[in-house]
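Quick note: the sequence shown uses the numbering used here, first residue 505, plus one each step. Beta carbons: idealized from backbone N, C-alpha and C, even for Gly. What you are looking at is a predicted structure, and each value in this text was computed from that prediction instead of being measured. Below is one structure, written out as structure tokens; comments come after it.
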Amino acid sequence: MKYNIENGAERIVSRSPHVETNPMKNKGRWHEIFGNNNPIYLELGMGRGDMIINMAKQNPNVNFIGLEINENQMVNAVTLLRSMNLKNIKLINTDAKNVADIFANEIDTIYLTFCDPWPKDEDEKKRFTYEAYLKLYDKIFIKDKKHLILKTDNKGFFTYSLESLSAYFYVFNKVSLDLHHDNIKNVMTNFEKQYAKENRPIYYVDARYPR
Ligand SMILES: C[S@@+](CC[C@H](N)C(=O)[O-])C[C@H]1O[C@@H](n2cnc3c(N)ncnc32)[C@H](O)[C@@H]1O
């Protein structure tokens, strides 16, 4: 069944204890919200949240925040979380372009996983690795420290992202042109599980500043 506002998606999402319905009021206070000083990892466009939820299960000493614009996907994530008593994960239903209104310099790592590649030139500004987005990320990363992990099945978007990150002074800690056959620790997203079945290569970069 597809949920939408008419049949209750909004209610399901807003009532979940994992969802922050007014995230802007937490700007600069996310460690306080989690009740600890553990690092905070943020995934933009988490979809139904498979990766971030499993990472939260496996890493109790890290705080995770999943952000997603689509309410139906939020319902899937909230439903997955319902039976789990995880204290180290929060979800936010908003557009990624709002990140600098939601976070101060408090994010340790940003995950961009299988985000929309927007292949047409006129859509470049919508790509999550477009320079304006990288500038926004600077406002939310811990001061003078950037760490971004990107996974995609789209070669064009990957090439574009490497160029954009490199021009923005990121250095590449690890690059893989076939993540699932390289020895890199990885938790799969929902899209990624499908691509793995099709044996499609997954492109991966772990980019930082400074090295
Ligand atoms: C191709 S899906 C990938 C989902 C998930 N990361 C995965 O790998 O299974 C891209 C997701 O990004 C979300 N998205 C697209 N634009 C967004 C934006 N501006 N802000 C937040 N989420 C966005 C979409 O709703 C969709 O769930």
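Task: Nearest to VAL675 (by Cα), restricted to the options ASN540, HIS651 and PRO543 - done: As a first step, residue 675 must be located in the sequence shown, where it is residue number 171. Ranking the options by Cα distance to VAL675, first place goes to HIS651.
- [ ] Go ahead and label PHE618 buried or exposed: buried means 16 or more other beta carbons lie within 10 angstroms of its beta carbon, across all protein chains shown.
- [x] Walking along the sequence shown from the start, residue 618 turns up at place 114. With 16 or more other CB atoms across the displayed protein chains lying within 10 angstroms of its CB, PHE618 is buried.
Task: Supposed close pair HIS563, MET578 - CB separation, criterion 8 angstroms - done: Position 59 of the sequence shown, counting from 1, holds the residue named residue 563. Position 74 of the sequence shown, counting from 1, holds the residue named residue 578. According to the sequence as given, residue 563 is Asn; it is not His. Under the criterion of beta carbons closer than 8 angstroms, ASN563 and MET578 do not qualify as touching, at roughly 22 angstroms.
- [ ] Count the other C-beta atoms from every protein chain shown that fall within 10 angstroms of the C-beta of GLU572, then say buried if there are 16 or more, exposed otherwise.
- [x] For this step, residue 572 is matched to residue 68 along the sequence shown. GLU572 is classed as buried because its beta carbon has at least 16 other beta carbons within 10 Å across all chains shown.
TODO: Locate the alpha helix (DSSP H) running through ALA604, then write down its first and last residues.
DONE: Here residue 604 refers to the residue found at position 100 of the sequence shown. Run containing ALA604: 603-606, per the alpha helix (DSSP H) assignment.
- [ ] Compute the minimum distance between the beta carbon of ILE573 and the heavy atoms of ligand 1, and state whether it is under 6 angstroms.
- [x] Indexing the sequence shown from 1 puts residue 573 at position 69. Checking the Cβ of ILE573 against ligand 1 gives yes.
- [ ] Determine the closest residue to ARG631 out of LYS643, THR663 and ALA604, with distance taken between C-alpha atoms.
- [x] The residue given as residue 631 occupies position 127 in the sequence shown. Closest option to ARG631, Cα to Cα, is THR663.
- [ ] Report the residue from ILE544, PHE568 and LYS594 whose alpha carbon sits nearest the alpha carbon of VAL517.
- [x] Here residue 517 refers to the residue found at position 13 when the sequence shown is read from its first residue. Out of ILE544, PHE568 and LYS594, LYS594 has the C-alpha closest to the C-alpha of VAL517.
Task: Proximity below 7 angstroms, CB of ASP710 to CB of ILE653 - done: On the sequence shown, residue 710 is found 206 positions in, with the first residue counted as 1. On the sequence shown, residue 653 is found 149 positions in, with the first residue counted as 1. The Cβ atoms of ASP710 and ILE653 sit closer than 7 angstroms to each other.
Open item on the list: Measuring only the C-alpha atoms, how far is ASP599 from LEU546?
Closed with: Walking along the sequence shown from the start, residue 599 turns up at place 95. Walking along the sequence shown from the start, residue 546 turns up at place 42. The alpha-carbon atoms of ASP599 and LEU546 are separated by roughly 13 angstroms.
TODO: Could you tell me if ASP620 is buried or exposed, where buried requires 16 or more neighbouring beta carbons within 10 angstroms of its beta carbon?
DONE: As a position in the sequence shown, residue 620 is number 116, starting the count at 1. By the 10 Å Cβ count, ASP620 comes out exposed.
- [ ] Evaluate THR693 with the Cβ neighbour count: other Cβ atoms within 10 Å of its Cβ, from every protein chain shown; 16 or more gives buried, anything less gives exposed.
- [x] Along the sequence shown, one-based indexing puts residue 693 at 189. Flag for THR693 reads buried.
Open item on the list: Whole angstroms are fine: how far does the CA of THR656 sit from the CA of SER587?
Closed with: Counting from 1 along the sequence shown, the entry for residue 587 is found at position 83. Counting from 1 along the sequence shown, the entry for residue 656 is found at position 152. For SER587 and THR656, the distance between alpha carbons rounds to 30 angstroms.
Task: Residue span of the alpha helix (DSSP H) that contains GLY660, given as start and end - done: For the purposes of this step, residue 660 is taken as the residue at position 156 of the sequence shown. 659-671 is the extent of the alpha helix (DSSP H) around GLY660.
Task: Under the three-state DSSP convention, the category SER587 falls into - done: Position 83 of the sequence shown, counting from 1, holds the residue named residue 587. Residue state for SER587 is assigned as coil, using DSSP reduced to three classes.
Open item on the list: Which of the three DSSP states is assigned to ARG712 in this structure?
Closed with: Counting from 1 along the sequence shown, the entry for residue 712 is found at position 208. Reduced to three states, the DSSP call for ARG712 is strand.
- [ ] In the DSSP assignment, find the beta strand (DSSP E) that holds GLU536 and state where it starts and stops.
- [x] Taking the first residue of the sequence shown as position 1, residue 536 is located at position 32. Run containing GLU536: none in the beta strand (DSSP E); it sits in the alpha helix (DSSP H), 534-538.
Open item on the list: Pull the bridge partners of TYR699 from the DSSP assignment, please.
Closed with: Counting from one through the sequence shown, the residue named residue 699 turns up at place 195. The partner list for TYR699 (beta bridge, DSSP) is empty, contrary to what the question assumes.
Task: Closer than 6 angstroms: ASP625 CB and nearest ligand 1 heavy atom - done: To locate residue 625, count along the sequence shown from 1; it is residue 121. The answer is no for ASP625.
- [ ] May I ask whether a heavy atom of ligand 1 can be found less than 6 angstroms away from the beta carbon of GLY553?
- [x] The residue you call residue 553 lines up with position 49 of the sequence shown. Within the chosen limit of 6 angstroms, ligand 1 does not reach the beta carbon of GLY553 with any heavy atom.
TODO: Could you tell me the distance, in whole angstroms, from the CA atom of GLY570 to the CA atom of HIS684?
DONE: Mapped onto the sequence shown, residue 570 falls at position 66. Mapped onto the sequence shown, residue 684 falls at position 180. The alpha-carbon of GLY570 is positioned some 23 angstroms away from that of HIS684.
Open item on the list: Give me, in chain order, the residues of the same chain whose beta-carbon lies closer than 8 angstroms to that of ASP627; leave out the 5 immediate sequence neighbours on both sides.
Closed with: The residue given as residue 627 occupies position 123 in the sequence shown. So no residue of the chain qualifies.
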